[in-house]
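These protein sequence lines map, in sequence, to chains A and B. Heads up: the first sequence begins at 2 in this note's numbering, then just goes up one per residue. Heads up: the second sequence begins at 920 in this note's numbering, then just goes up one per residue. Note that CB positions come from ideal geometry on N, CA and C, so glycine has one too. Structure first, then comments.
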Amino acid sequence: MKDLVAYVSGIGVKGPGFSDWPEAEAVLARVRPYVRADTALAPPESLPSTERRRAGRVVKLALAVGLEAVRRAGSDPARLPAVFASSSGDGDNCNEICQTLASPNRELSPTRFHNSVHNAPAGYWSIAHSTQVASTTICAYDASFAAGLLETLVQVTIDGAETALIAYDLDYPPPLRAVRPIPAPFGIALILQANPGRFAIARLSARIHTAAADRLADPELEALRASIPAARGLVLLEAIARREPTSVCIDYLMPETLLIEVTPWA
Amino acid sequence: MNPLVLAGFTATSCLGRGLRQTTEALRSARCGLTPCRFEDVDINTWVGMVPEIEHAPLPRAWLEFECRNNRLAFLGLGQDGFLETVSACVARVGPRRVGLFIGTSTSGILEAELAYRHRDPHSGALPATFRYATTQNAFSVAAFTRSVLGLEGPAAVVSTACSSSAKAFGSAQRMIAAGVIDAAVVGGVDSLCLTTLYGFHSLQLTSARPCRPFDASRDGISIGEAAAFALLERPSTRGDGNRIALLGVGESNDGYHLSAPHPQGLGARLAMEAALAAADVEPSAIGYINLHGTGTISNDSVESTAVTSIFGAAVPCSSTKGATGHTLGAAGALEAVICAIALQHHLIPGGANTITVDPSLPLNYLTSSKTAPISRALSNSFGFGGTNCSLVLGKFA
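As structure tokens, then:
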């Protein structure tokens, strides 16, 4: 296959110890030490009040990283195609639904049900920004970040349009936490463009590969990377933060990886 | 877009296993719905159930994937020589050059729903027999299908509610166009579960009778289950005129409401227009529209507005959900296969159950099937979250 090429013009990050991209960038560039803290999730201001009340943690997470990336890239979210990628979607809501369905009274709340669709964050995003261009929502279990990145790179290649990748995962509450131990909410958003615009910070050139995935040197960060599907993208963010030409492999469908050559831009 | 040939396709739903049974049912506009006897569900509604699933355990090699949804996938994959068609393609281009894109809305969530009934009374833990990754996780159906078909190319589950498996065609088409793969298996698999039955009931969207899309008396949906697959390839030679091709995919968002369609059907219109543009055809080229047609009051009236704004009132159309039920994430792929059947057999399927077409919806809605040659068909799939996808299929000459 020919390499898929795109330019990163905006990044958003949220996770334990990372409130935004500048904070993550400083840690990944080893300017600042990593200090673990709970992921702070605020209600998305861009949502109308009815939807804001209905939005769970997963919507807050996805919209927060998406909006940060869009602001940094100077993009218009109303005209931005988007790829949402998540392994487990809204685990809080899923747990509530399963509890209700196992109880004597199985009546679900309509809001719980419509929030149960995997594309709920994409739906809230499109309502928040009156977006009528297409988005998609995909899942590839532990490979969800790379699958989302691949889908985004392909869209940029085929359609030539600036496109957002919004990857996120939530920790499950018990009892699902025991069978899918994701430790904390984590999200990464990237705005990708076919040509380097004003805000381009890195050029990516990617292909499917079979070399082992790269890891992070810091044991705490590596633990995040290895335990949260969306955090598999931290290796790519580290390469961008270092601002030196390099290539990295991120986990895809075992035994395959996504090899990405990263070149600093501007 | 460049057309892609459907080198093989198959569908399994309450209408039957495989193309022959499905085609026969469509020919007589037979309804496959039955009163809901699924698990211990106490809702007065009808469902499009595939009864064989109960008696079709997975072969031992795939025991870890054992669940209703993967059983349905396996049953579907086993029809119409589909396994052999894919295996010939894999032998030709190599397993890493064949992608897999499956649409599902609930995957194997039924396993989690049932496991929650058997939690440890002290610790609250789920039973040790519960397997999350290979049943509940949305990707499980793709991991299973990939293993059965021996594919090693890119794979993903598209999960955008009721547009999921229509959008899977979009992902596959782009990936082939970008040269990442040479062929792709696309499909939709969604099976009955408590979440969707009780969920649609909570929204007062399930009918107590078999659903009657576009009928003046329509009052909600019947939920169904289905597995439908197609193998998409670049056309290598000129066709013999009876091959079916994917000609266009159009996708959009409403950006309006999470569970109600845009009142003027704006997103639906954008998806249909985009699909026509991708196929490079005028609206007049479409000989049949397989409507999303869920049978709810609002969906059908909004879809009617959107369809007539582009096509006028003459083009023959129907919803096959009266026959199959609304198979949710599988509906896009199932109805794409129904369009392929329509094209191949010159069979315009009439909508089952609908007696009196709503006079306020000015469409040429067929209540019985008829024989007429068509060269292009359009299929609509819309879902919660305001996600819309339309496909154009046609004869590849």
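Which residues DSSP lists as bridging residue i, in chain order
i	result
Ala1074 (chain B)	B:Leu1019
Asp252 (chain A)	A:Thr258
Asp1109 (chain B)	B:Ala1145
Leu1310 (chain B)	B:Val1168 and B:Ser1298
Thr264 (chain A)	A:Arg204
Ser1237 (chain B)	B:Asn1209
His1245 (chain B)	B:Ile1142
Lys15 (chain A)	A:Gly188
Trp965 (chain B)	B:Pro954
Cys140 (chain A)	B:Val1076
Thr929 (chain B)	B:Phe1148
Val6 (chain A)	A:Ser206
Ala334 (chain A)	Outside the modelled stretch of chain A, which goes from 2 to 267, sits residue 334 (chain A), for which no answer is possible.
Buried or exposed (CB count within 10 angstroms, at least 16 for buried), residue i
i	result
Glu46 (chain A)	exposed
Glu239 (chain A)	buried
Pro954 (chain B)	exposed
Lys1240 (chain B)	buried
Gln998 (chain B)	buried
Thr211 (chain A)	exposed
Thr51 (chain A)	exposed
His1181 (chain B)	buried
Ile1216 (chain B)	exposed
Asn988 (chain B)	buried
Gly1212 (chain B)	buried
Val32 (chain A)	exposed
Met920 (chain B)	buried
Pro72 (chain A)	Note on residue identity: the sequence assigns Arg, not Pro, to residue 72 (chain A). Result: exposed.
His1265 (chain B)	exposed
Ala1291 (chain B)	exposed
Glu1201 (chain B)	exposed
Gly161 (chain A)	exposed
Contact under 8 Å by Cβ, residue i with residue j
i	j	result
Ala203 (chain A)	Ile241 (chain A)	yes
Leu1068 (chain B)	Val1104 (chain B)	yes
Glu1030 (chain B)	Phe1049 (chain B)	yes
Arg107 (chain A)	Glu97 (chain A)	no
Asn1336 (chain B)	Ala135 (chain A)	Given a span of 920 to 1316 for chain B in the structure shown, any question on residue 1336 (chain B) remains unanswerable.
Lys1314 (chain B)	Ile1163 (chain B)	yes
Gly1106 (chain B)	Phe1148 (chain B)	yes
Thr1246 (chain B)	Ser932 (chain B)	yes
Val9 (chain A)	Leu150 (chain A)	no
Gly11 (chain A)	Ala74 (chain A)	yes
Phe1301 (chain B)	Cys1130 (chain B)	no
Pro78 (chain A)	Asp143 (chain A)	no
Phe1001 (chain B)	Gly927 (chain B)	yes
Leu952 (chain B)	Gly1139 (chain B)	no
Ile183 (chain A)	Ser89 (chain A)	yes
Ala7 (chain A)	Leu154 (chain A)	yes
Interface partners of residue i on chain D, CB under 7 Å
i	result
Ser50 (chain A)	In the structure shown, chain D cannot be found, because the protein chains are A and B.
Distance between beta carbons of residue j and residue i, contact taken as under 8 Å
i	j	result
Met2 (chain A)	Gly1098 (chain B)	5 Å
Tyr1207 (chain B)	Ile1293 (chain B)	5 Å
Glu983 (chain B)	Thr1053 (chain B)	5 Å
Leu1310 (chain B)	Ala1255 (chain B)	6 Å
Val180 (chain A)	Tyr1051 (chain B)	4 Å
Ala207 (chain A)	Leu29 (chain A)	Contact doesn't hold; Cβ gap of about 19 Å is too wide.
Trp22 (chain A)	Glu69 (chain A)	6 Å
Leu1280 (chain B)	Ser1220 (chain B)	6 Å
Val66 (chain A)	Gly13 (chain A)	4 Å
Pro268 (chain A)	Arg55 (chain A)	This structure cannot settle anything about residue 268 (chain A), because the visible part of chain A is limited to 2 through 267.
Leu991 (chain B)	Ala1242 (chain B)	Not a contact, Cβ separation roughly 18 Å.
Glu1152 (chain B)	Ala1190 (chain B)	Actually they do not touch by this definition, with Cβ atoms about 25 Å apart.
Ile1205 (chain B)	Phe1230 (chain B)	7 Å
Val1168 (chain B)	Ala1127 (chain B)	That pair is no contact at about 36 Å.
Ala129 (chain A)	Leu171 (chain A)	Actually they are not in contact, since the Cβ atoms of Ala129 (chain A) and Leu171 (chain A) sit about 19 Å apart, beyond 8 Å.
Asp1109 (chain B)	Glu1144 (chain B)	6 Å
Val1017 (chain B)	Leu938 (chain B)	With 8 Å as the limit, Val1017 (chain B) and Leu938 (chain B) do not qualify as a contact, their Cβ atoms being about 22 Å apart.
Ala168 (chain A)	Gly234 (chain A)	6 Å
Review point. Should the segment 1295-1308 of chain B be called in touch with the segment 1172-1180 of chain B, which here means at least 3 C-beta pairs below 8 Å?
Key: yes
**Study point:** Cβ contact check for the segment 1031-1042 of chain B and the segment 962-977 of chain B: 3 or more pairs under 8 Å
**Key:** no
Check your understanding: Do the segment 1058-1076 of chain B and the segment 1016-1031 of chain B meet, that is, are 3 or more Cβ pairs less than 8 Å apart?
Key -> Yes, the segment 1058-1076 of chain B touches the segment 1016-1031 of chain B.
**Study point:** Stretch pair the segment 97-106 of chain A + the segment 190-197 of chain A: three plus CB contacts closer than 8 Å
**Key:** no
Exercise for review: Could you say if the segment 1074-1086 of chain B and the segment 940-957 of chain B meet the contact criterion of at least three C-beta pairs nearer than 8 Å?
Suggested key: Touching, no.
**Study point:** Three-pair Cβ contact test at 8 Å for the segment 1266-1286 of chain B versus the segment 1184-1200 of chain B
**Key:** no
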